[in-house]
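What follows is one structure encoded as C-alpha cells, with my remarks underneath.
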DNA sequence: GTAGGACTGTCATATTGCTGACATGTTGGT
DNA sequence: ACCAACATGTCAGCAATATGACAGTCCTAC
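What follows is the structure, given as C-alpha cells:
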C-alpha cells in the first residue's frame, strides 16, 4: 500500500496529534496494513505480544474464556482505538483474545519500532500514558458496574455507551447500525442471553428503543438509557 | 527528614531499579514524607490529582462507594506500591478513595516533578509503563474473577493472593498478621459480610486455615487455596 | 475497669437472574 | 429456493447469595 494512504489512515488517531510530519512519515513506514473479516482472531492468550495494533475501521472485541466455556468481553473497540497494548507495557504475551466483530482495517506495528518512536518523542509517550490511563478508568468503571448494578441496569447502561460511541444523532434520537446479537450483549454485560432479550423487549415496549438485527434506534435523548 | 533517609526509603521501589544515583538523589529531594494512621483518607474522588504516592509501609485500600452506600475495594496495596497514578496518566482528578488500612508511611511527589524526571529518564518511563501494564492486568483479572467465579471461590482466591502478598512462609505453612475484618474481605470480593464469615469458618473446619482478628494462618501450601 | 462501639456468628427469608427446553424466526451459501 | 446454521422469544424451575435480625464477643478509649 502506498505510504501516502497509510499516512492518511494514521492521521485518524488522536494519539498522534501534535506529532511532526517527519515522525508521522516514520510511523507510516513502519506500519503494515491488513484487512480482517468478521470472526477472525487477531491474537490469542499466550501469543507473543510483539505488535501493537491500530484499528482504522470496523469493530474488535477483546474477551476472555473461562475453563467451562463461558465468555466475558472486556472491551468493544471501534475506529481510532488501539489494542494489543500489552506489547508496549512490558508483557511478552497477550492475556486476552482479540476477535473481529465487524470487518476491520487494522494497522500493525512492531513494538520495537513503536518504542523507538516513543523514545524520540516525549509527546507520543505522554499520549500513550493518557491512553492507558483512559483504559484503566474504563475498566474500573466496568468493575463498578458489575458490583453495583443489576443485570438490567448493566444492559441499559451498556446500550447508552454503545449508542454514544457508535451511534449517529438523528432529528428525533439516535441510530446505530449494525446492531449486536443478544449473546454478544450478554457477554459484554455479564448477563444471560435470555435476560438481554427480555430487557431489550421491555425497552421496546416502553417505546424507548426500536431494534432488529440490523439496527438499534434510540427514540429521544441518551439519558433515557440512564440507570 | 534527612535526604539520606528518604533516599534509603525510595530504594525499596522496583520502579527505580537501574536509575542513576544522581537521579535518585533528585527524586529524594522532591519527595515529601508523611505518616498516616488507620482510617485516614489520602484522597477522595474529584480531588485534584497533583501528587503521586509511594507506599513505604502499611496498607492502603483504593475503593469506591455506590450511591446507596455500598463499597467495593479495587485494590489493597502494601509496601512498595504506587498509588494516585492518575496524576501522571493525564487525569486531573481522582476517581477513587484512598484510605489507610494499616498505619502507613507514604512518600508524596508532585506530578510535575515526576514528569520532569520521566522526561530525563527513558528508563523510568519504561518502568512506569510496566507498572501500569501490571495494574491493568490485575484489574482485568479482577473482572474475570467477578464474572466467572462464585462467592466462595472469589473469597478463597483472594485469601490466596493475600497470603502470597503479605504472608510469611513458616515451617508448615504461612502466617499473615494482622488479618482483615470480614467486612473488608467482603468489600474486596464483592460478597456479603455473612458469606465471608461462612466461607472462612468452613475453611477452618476443613483445617485449611486458622484465623482470628489478629492473624491468618494457612496450614500447608498456597495451592490449598486454589479454586 | 467499664461502657459503648465495632466485629463475629447464625439463622430464616426473599429475590434475582441463570439454566434448560423448546418453538419460532432469519439468513446466507450453494 | 432450499436447507442448515444461527438467532430470537418465552417460560418454568432452581440455586446462589443477599438481606435483615439479633445475640454474643471483643476491643479500646475514657
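Residue numbers (my numbering), protein chains in the order written: chain P, 13 to 239; chain C, 13 to 239.
Note that the Cβ used here is the ideal one computed from N, Cα and C, for glycine as well.
Residues are counted here when their Cβ sits less than 7 Å from a Cβ of chain C; for the segment 139-158 of chain P these are 141, 142, 144, 145, 147, 148, 149, 151, 152, 154, 155, 156, 158, given in chain order.
In this structure, residue 73 (chain C) places its C-beta atom within 7 Å of the C-beta atom of residue 113 (chain C). The beta-carbon of residue 134 (chain C) is placed less than 7 Å from the nearest beta-carbon of chain P. At a beta-carbon threshold of 7 Å, the residues of chain C lying near residue 76 (chain P) are 156, ordered along the chain. Of the candidates P:120, P:83, P:106, P:102, P:120 places its Cα closest to the Cα of residue 93 (chain P). In this chain, the beta strand (DSSP E) harbouring residue 229 (chain P) covers 228-231.
DSSP lists no bridge partner for residue 20 (chain C). In the three-state DSSP reduction, residue 218 (chain C) falls in the coil class, being neither helix nor strand. Counting only runs of 4+ residues, the alpha helix (DSSP H) found wholly inside the segment 27-99 of chain P occupies 33-41, in chain order.
Here residue 64 (chain C) is buried: its Cβ has 16 or more other Cβ atoms, across all protein chains shown, within 10 Å.
In this structure the segment 128-147 of chain P does not touch the segment 44-57 of chain P; the number of beta carbon pairs closer than 8 Å is below three. Using a Cβ-Cβ cut-off of 7 Å, residue 82 (chain C) is close to 160 of chain P, given in chain order. Using a Cβ-Cβ cut-off of 7 Å, residue 96 (chain P) does not count as an interface residue toward chain C, since no Cβ of chain C sits closer than that to its own. A direct Cα-Cα distance of roughly 21 Å separates residue 18 (chain C) from residue 137 (chain C).
Restricting attention to beta strand (DSSP E) runs no shorter than 3 residues, the segment 97-170 of chain P encloses them at 109-122, ordered along the chain.
Interface flag for residue 103 (chain P) against chain C is set, since a Cβ pair is found closer than 7 Å.
Taking 7 Å as the CB threshold, residue 202 (chain P) lines the interface with chain C. Contact of residue 137 (chain P) with chain C by beta-carbon distance below 9 Å involves 130, 131, 134, 137, 141. The continuous stretches of alpha helix (DSSP H) do not include residue 193 (chain C), and DSSP gives it neither H nor E.
Between the segment 142-153 of chain P and the segment 101-115 of chain C, the count of Cβ pairs shorter than 8 Å is three or higher; the stretches touch. Less than 7 Å separates the beta-carbon of residue 198 (chain P) from that of residue 208 (chain P). Distance from the CA of residue 179 (chain P) to the CA of residue 234 (chain C), rounded to the nearest whole angstrom, comes to 49 Å. Within a 10 Å sphere around the beta-carbon of residue 82 (chain P) sit fewer than 16 other beta-carbons, which makes this residue exposed. In this structure, residue 89 (chain C) keeps its C-beta atom at 7 Å or more from the C-beta atom of residue 171 (chain C). Excluding its 5 nearest sequence neighbours in each direction, residue 125 (chain C) has C-beta neighbours in its own chain below 6 Å: 42, listed in chain order.
Considering only C:39, C:217, C:222, the residue with the shortest C-alpha distance to residue 66 (chain C) is C:39.
When the beta-carbon positions are compared, residue 191 (chain C) and residue 228 (chain C) come within less than 7 Å of each other.
By the criterion of a C-beta distance shorter than 7 Å, residue 135 (chain P) is surrounded in its chain by 30, 31, once the five residues flanking it on both sides are discounted.
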